[in-house]
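Residue numbers (my numbering), protein chains in the order written: chain A, 1 to 280; chain B, 1 to 157. Worksheet for the structure shown next.
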Amino acid sequence: MASGEATSAEYIQHHLTNLTYGLDTQGNWAFAHETPYSMTFWTVNVDSMAWSIITGVVFAWLFYSGAKKATAGVPGPLQNAVEMIVDFIDDTTQSVFNHHNPLVAPLALTIFVWVWLMNFMDLIPVDWIPGLAAAAHIHYMKVVPTTDPNITMAMAFSVFALILYYSIKRKGMGGFFAELAFHPFPKLLMPVNLILEGVTLIAKPLSLGLRLFGNMYAGEMIFVLIALMFTGGIALGIFGGILQWGWAVFHVLIITLQAFIFSVLTIVYLTQAHDVEEEH
Amino acid sequence: MTLSLGTLIGQTITFIVFVIFCKRYIWPPLINAMQERQKAIAEGLSSAEKAEQDLASAQERVADELKEAKGEAQKLLEQARARANQMVEEAKTEAREEGERIKEAARSEIDQEINRAKESLRGQVAALSVVGAEKILGDSVDAEKHSQLLSKLAEEL
């Protein structure tokens, strides 16, 4: 626990607060918890960004080490592991995405492994890293970047930008507009079509980012709640330990599933962006 | 849990950097290695299959040749056996003829001996008869006068 005297509410609140640095409403650059004023939008969640970059580097380093010595002969254990994941993503991409675009598969691989690694931070007991950080006088430390909607939405919007880019590139401005305006109903009902298709389009990044955020946030929340039991005496503590173990086992499935869903949906959305539909 | 533009932008840039890094340095070498290995395995499998076929056809050929050789050997064996039989037969006949011939020769020799013995006996009998007759008659028999008679006697013996 961060501090012995904290109430349950404070403890939970503490675990759900990012280490935020940025511009406050008085025009000062400061950490959010050190300034008496509230923050503007011009902030950086330092912990989210740091763990996001750390896990990203772990991904890049691991896979680059595997790829650097990649041989068509007998692969080493690292190459084997890396190849297994690459093969899995490649199969998934091939089965969904039937156009030629060399960006899609590496994109899906990056998303899958990186998101998985970020989600994996959730399995580290909730007090370990924040405890270490507190010892180093860092007061807030949220270690799971995917529980920060700014992180998940940034990725979702990046994917959305790609969707828009490839839609326009493949279909042209007119073709893309036609897809939005003339689709489910005849041309007469263009406004209705635009609203319907517009919502569908906007729903893509929102569902992509919020699904991941929601799942990870909820999972983290449950870990925090379970961790609260450790303050309730030996019996409750042991029960909490069992619960934590059970939830962690279940969470292994969730983090993998969420990473997979994010990358597969990315492939699916990009496939739709590439599909040049017939005239309706 | 509030909007943080810096995080949004930072994560977007980080995302782009990692995707580009993956696309450039991670994906191509791995997928190339995998495809190459796939090709090598496919080639290995097909060449193994070909080798198996070759082996099967070679075995077939070997079996054929073996059968042929066996037939040849059988034929040779039979010929040899026939030849041997023939030789034995020939030898038997020759031996029989030889024996016959030897027997014949022996027989003629015996006959000759008998004749010679007969001749000599006849001579001796004639001489004895002459001696006996002289004794009986007390006179000598004129050998010349009685030679006809004597030889007739000798012939009857």
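For every residue, glycine included, the Cβ atom is placed at its ideal position computed from N, Cα and C.
- B:Q53 has a beta carbon lying at 8 Å or more from every beta carbon in chain A.
- Contact between A:K204 and A:F160 is confirmed by a C-beta separation of about 6 Å, below the 8 Å threshold.
- Interface annotation, B:S46: not in contact with chain A, CB-CB separation never under 8 Å.
- Per DSSP, reduced to three states, the secondary structure at A:M141 is coil, with no helix or strand assignment.
- For A:M84, the uninterrupted alpha helix (DSSP H) run begins and ends at 77–96, by DSSP.
- For A:L23, the enclosing beta strand (DSSP E) stretches over residues 20–24.
- From the listed residues A:I261, A:F262, A:G219, A:V268, the smallest Cα separation to A:W247 is found for A:G219.
- With respect to the 8 Å criterion, B:Y25 and A:Y269 are not classified as neighbours on the basis of their beta carbons.
- For A:F63, the neighbours in chain B by C-beta distance under 8 Å run, in chain order, C22, I26, L30.
- A:A72 sits in coil when the DSSP states are folded into three classes, being neither helix nor strand.
- Listed in chain order, the non-local C-beta contacts of A:S38 below 6 Å within the same chain comprise T25, local neighbours out to five positions each way being set aside.
- When Cβ-Cβ separations below 8 Å define contact, B:A42 makes no contact with chain A.
- Between A:N215 and A:I254, the C-beta gap is smaller than 8 Å, which places the two residues in contact.
- Using a Cβ-Cβ cut-off of 7 Å, A:A72 is close to A33, E36, R37, A40 of chain B, given in chain order.
- Residues are counted here when their Cβ sits less than 8 Å from a Cβ of chain B; for the segment 35–59 of chain A these are M39, F41, W42, T43, V44, N45, S48, M49, S52, I53, G56, F59, given in chain order.
- Burial state of A:E83 is buried, judged by a 10 Å Cβ sphere holding 16 or more other Cβ atoms.
- Counting along the chain, the unbroken beta strand (DSSP E) around A:A30 starts and ends at 29–31.
- In terms of beta-carbon proximity, A:A67 lines the interface with chain B, with at least one pair separated by less than 8 Å.
- For A:F41, there is no enclosing alpha helix (DSSP H); the enclosing beta strand (DSSP E) has its first and last residue at 39–45.
- In the structure shown, the three-state DSSP call for A:P102 is coil.
- The Cβ of A:M216 sits no closer than 8 Å to any Cβ of chain B.
- Distance from the Cα of A:H137 is smallest, within the candidate group A:I261, A:V86, A:V252, A:F31, for A:F31.
- For B:T14, the enclosing alpha helix (DSSP H) begins and ends at 5–21.
- Taking a beta-carbon distance threshold of 8 Å, B:G6 counts as an interface residue toward chain A.
- Close to chain B, meaning a Cβ-Cβ distance shorter than 7 Å, is no residue of the segment 118–138 of chain A at all.
- With its beta carbon at least 8 Å from every one in chain B, A:V264 lies outside the interface.
- Here the segment 114–123 of chain A makes no contact with the segment 33–52 of chain B; the two share fewer than three CB pairs at distances below 8 Å.
- For A:E34, the secondary structure class from DSSP, reduced to helix, strand or coil, is coil.
- Shortest Cα-Cα distance from A:N18 to any of A:A181, A:Q244, A:T147, A:V58 involves A:T147.
- Between B:A126 and B:L153, the gap from beta carbon to beta carbon is short of 8 Å.
- Annotation for A:T200: the continuous alpha helix (DSSP H) segment containing it runs 190–228.
- Counting along the chain, B:D54 sits inside the alpha helix (DSSP H) bounded by residues 27–137.
- At least one beta carbon of chain B lies nearer than 8 Å to the beta carbon of A:P106.
- Here A:G241 carries a helix assignment [DSSP, helix/strand/coil].
- Ranked by Cα distance from A:I111, the options A:V276, A:A81, A:T256 are led by A:T256.
- Along the segment 79–109 of chain A, going in chain order, the ones with a CB nearer than 8 Å to a CB of chain B are Q79, V82, E83, V86, D87, D90, P102, L103, A105, P106, L107, L109.
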